[in-house]
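Q: Got a structure for you, questions after.
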Amino acid sequence: MERWDVVVVGGGPAGAAAALAARATGASVLVLDRAGFPRDKVCGDGVAAEALDVLAGLGVDPAAVVAGHPPVPRLSLRSPRGATVERDVARPSYVVPRLVLDARLLDAARARGAQVRRHAVRRVAPGPDGVVVDGALTAGVLVGADGAESVVRRALGLGTNRPDRLAVAIRGYAPEPPGRPGTQVLVTTERRWPAYAWSFPIGDGRVNAGYGELVSGGATRAALLEGLARLLPGVEPTALRAHRLPLSTERPRQPDGRVLLAGDAASLVNPLTGEGIFYAVLSGALAGACAREGAGAGARYRSALRRRLGRHLRSSAAASQLSRWPALMDAAVRAAAADRRVFDDVVALGLADGRLTARALAGTVRGLASPGR
Ligand SMILES: Cc1cc2nc3c(=O)[nH]c(=O)nc-3n(C[C@H](O)[C@H](O)[C@H](O)COP(=O)(O)OP(=O)(O)OC[C@H]3O[C@@H](n4cnc5c(N)ncnc54)[C@H](O)[C@@H]3O)c2cc1C
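Here the sequence shown is numbered in the working numbering, starting from 780 and rising by one per residue.
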């Protein structure tokens, strides 16, 4: 039977980062993806600067990753009851269609010696000496980076997120509306709250525009399209497709052993914003680096993830609970409009590894006390 040190299931951002990190340890690495690349992935295409930091740490040139797509320096946020803030962000994001981004990342892994094969994984059987994949090959360690509907996660006996910890969103591409160049626009709404629409400029005259809400709200395609039209009137995207987002408010416990879960397969999507690429590349990088531990990889990876993201995950979960009250969201947005440091804290919490800071909380409480401000 074919044997590899590390097999990565899924060649998205988590899988590519895992492959890069595992190759850096000298491991033989095989990436299996059911799709041929380049392939599209339903996404808002927003790439946080911190995701590029992780990739730079893996030796991938951030400029090459985002080439052709200019930085997006501003962010505009409207709260459910209509308070707004628009400011320059501390670190610009980029908007790179996943058709382009994911192929670039997987090419980087290939260039480092990872093998990439087109194959839809169906069965994963962990054993004492390795993990058998579809009865055909054995992995010393297997990284499940196979996204929101992870087969690997199911093979570990771990269920999907419950409906109030799972979002669904629809996205398409539309001509960029006039008037707000270089701005990521987020519009939230009290109706079917928590729900929001976005419009992210790609830099080629188009925006990625979409709308998402919790699965527990009974979202249908018609409801998603209605939300999109209501919150972004005049924006008429085509190529509309929907996909689910497993939120980090319900994460499976990473088991001991030889199978590691990264990215959406590990439910690492930010519950406040739906951002997942930063968490995918970060968890993939940690998983790939721990893969050389063999049977000890699961325990090592679990503690690495806790050390790196534990405080952020607790903060975003707490903020997500608080954000259930639209009045608090209003107050937070007013606080961010009044104080740029609060704005920066909120952005870092929603897009990367930021914490719920005393400054943001105090500003929100002040905003609650004086709603007219
Ligand atoms: C509408 C929408 C908008 C979003 N907007 C943003 C955004 O703007 N910014 C952001 O940071 N995040 C966003 N996200 C979240 C982001 O898309 C995900 O968090 C991210 O793609 C996770 O990366 P991943 O590598 O874990 O999984 P994926 O990108 O889903 O990659 C998984 C890979 O596994 C492969 N695969 C699946 N099953 C198998 C199998 N059985 N065998 C072999 N291969 C398999 C798939 O083909 C795929 O290539 C959005 C999500 C949605 C749905």
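Even for Gly, the Cβ is constructed at its ideal location relative to N, Cα and C. Please read all numbers here as calculations on a predicted model, not as lab measurements.
Over what stretch of residues does the beta strand (DSSP E) that includes E992 continue unbroken?
A: 985–993 is the span of the beta strand (DSSP E), which, as asked, contains E992.
Q: Could you tell me whether the Cβ atoms of A754 and G991 are closer together than 7 angstroms?
A: Outside the modelled stretch of the chain, which goes from 780 to 1152, sits residue 754, for which no answer is possible.
Q: Okay, do the region 949–965 and the region 986–1005 touch, 3+ Cβ pairs below 8 angstroms being the bar?
A: Judged by Cβ distances under 8 angstroms, the region 949–965 makes contact with the region 986–1005, as three or more pairs qualify.
Q: Taking the continuous beta strand (DSSP E) assigned at Q963, which residues delimit it?
A: Start and end: 962–968.
Q: Where does the unbroken alpha helix (DSSP H) through P841 begin, and where does it stop?
A: First-last of the alpha helix (DSSP H) with P841: 841–845.
Q: For a cutoff of 7 angstroms on Cβ pairs, would you count R959 as touching chain C?
A: Absent here is chain C; the protein component of the structure consists of one chain.
Q: Could you pull the DSSP bridge partners for T1017 from this structure?
A: BP columns for T1017 point to Y952.
Q: Do you know whose CA, among R1079, R1103, R1119, G789, lies nearest A929's CA?
A: The sequence as given places Ser at residue 929; Ala does not occur at that position. The candidate whose alpha carbon is nearest that of S929 is G789.
Q: Is the separation between the beta-carbon of S995 and that of P1034 shorter than 7 angstroms?
A: Not a contact, by the Cβ cut-off of 7 angstroms.
Q: Quick one: measure Cβ to Cβ for L1092 and G1053, integer angstroms, because I've assumed they're closer than 8 angstroms.
A: That pair is no contact at about 15 angstroms.
Q: Taking only the alpha-carbon atoms, compute the straight-line gap between V1125 and L854 and give it to the nearest angstrom.
A: Using only the alpha carbons, I get a separation of about 11 angstroms.
Q: In three-state DSSP terms, what is F979?
A: In this structure, F979 counts as strand in the three-state DSSP scheme.
Q: Report back the beta-carbon spacing between S1099 and L1051 to the nearest angstrom; my notes put them in contact at under 8 angstroms.
A: Contact holds; Cβ gap of about 6 angstroms.
Q: What would DSSP say about D832, mapped onto helix, strand or coil?
A: Correct three-state label for D832: helix.
Q: Does the Cβ of D913 lie closer than 6 angstroms to at least one heavy atom of ligand 1?
A: Flag unset: Cβ of D913 not near ligand 1.
Q: In this structure, how does DSSP classify P1012 when only helix, strand and coil are distinguished?
A: Looking at P1012 - three-state DSSP - the assignment turns out to be coil, as it is neither helix nor strand.
Q: Can you determine whether any heavy atom of ligand 1 sits closer than 6 angstroms to the C-beta of E1054, and answer yes or no?
A: Yes, the beta carbon of E1054 sits closer than 6 angstroms to at least one heavy atom of ligand 1.
Q: Could you check if W977 is buried or exposed, using at least 16 other CB atoms within 10 Å of its CB as the buried criterion?
A: With 16 or more other Cβ atoms within 10 Å, it is buried.
Q: May I ask whether a heavy atom of ligand 1 can be found less than 6 angstroms away from the beta carbon of L1061?
A: Checking every heavy atom of ligand 1 against the Cβ of L1061, none is found closer than 6 angstroms.
Q: Let's test the definition: count the other Cβ atoms within 10 Å of the Cβ of D1109 and tell me whether it reaches 16, buried, or not, exposed.
A: D1109 is buried by the Cβ-count criterion.
Q: Would you report the Cα separation of L1140 and R891, rounded to the nearest angstrom?
A: About 44 angstroms.
Q: So G876 packs on D824, CB below 8 angstroms; how close in whole Å?
A: Before going further, note that residue 876 is Pro rather than Gly in the sequence given. The Cβ separation is near 5 angstroms, so the contact holds.
Q: Pull up the distance between the alpha-carbon of G1067 and that of A927, whole angstroms please.
A: Each residue's Cα considered, the two are about 19 angstroms apart.
Q: Specify the secondary structure class of Q1100 as computed by DSSP and reduced to three states.
A: In the structure shown, Q1100 sits in a helix (DSSP, three-state: H, G or I).
Q: Taking Cβ to Cβ, would you say A1074 is nearer than 7 angstroms to R1037?
A: Contact flag set, yes.
Q: Please tell me whether, using a cut-off of 6 angstroms, the distance from the CB of P792 to the nearest non-hydrogen atom of ligand 1 is below it.
A: Flag set: Cβ of P792 near ligand 1.
Q: Check whether the region 831–840 touches the region 808–823, taking contact to mean three or more Cβ pairs, one atom from each stretch, closer than 8 angstroms.
A: Touching, no, given that fewer than three Cβ pairs across the two stretches are closer than 8 angstroms.
Q: Measure the alpha-carbon distance for R1152 versus G1077 and round it to whole angstroms.
A: Low local confidence applies: a pLDDT of 49 at R1152 is under 50, so the model's placement there is unreliable, with the coordinate-based value given in what follows. Answer to the nearest angstrom: the Cα atoms are 50 angstroms apart.
Q: Name the two residues that bound the continuous beta strand (DSSP E) containing P792.
A: Counting along the chain, P792 falls outside any beta strand (DSSP E), though it belongs to the alpha helix (DSSP H) covering 792–803.
Q: My assumption, with CB atoms under 8 angstroms, is that L1128 sits in contact with P1031. Please give the rounded CB distance.
A: That belief does not hold up - the Cβ atoms of L1128 and P1031 are roughly 23 angstroms apart, past 8 angstroms.
Q: Does DSSP classify A974 as helix, strand or coil?
A: The answer is strand: DSSP assigns A974 an E or B state.
Q: With H, G and I counted as helix, E and B as strand and the rest as coil, what does DSSP make of P905?
A: Three-state DSSP puts P905 in a strand.
Q: Where do the N-terminal and C-terminal ends of the alpha helix (DSSP H) with V930 fall, by residue?
A: 930–934 is the extent of the alpha helix (DSSP H) around V930.
Q: Using only the heavy atoms of ligand 1, determine whether one of them is closer than 6 angstroms to the beta carbon of H1022.
A: Yes; taking the cut-off as 6 angstroms, the Cβ of H1022 has a heavy atom of ligand 1 nearer than that.
Q: By a C-beta neighbour count over all protein chains shown, 10 Å radius and 16 as the cutoff for buried, is R932 buried or exposed?
A: Under this definition R932 is a buried residue.
Q: I'd like to know whether the C-beta atoms of G1142 and V1121 end up nearer to each other than 7 angstroms.
A: In contact: G1142 and V1121 (Cβ atoms closer than 7 angstroms).
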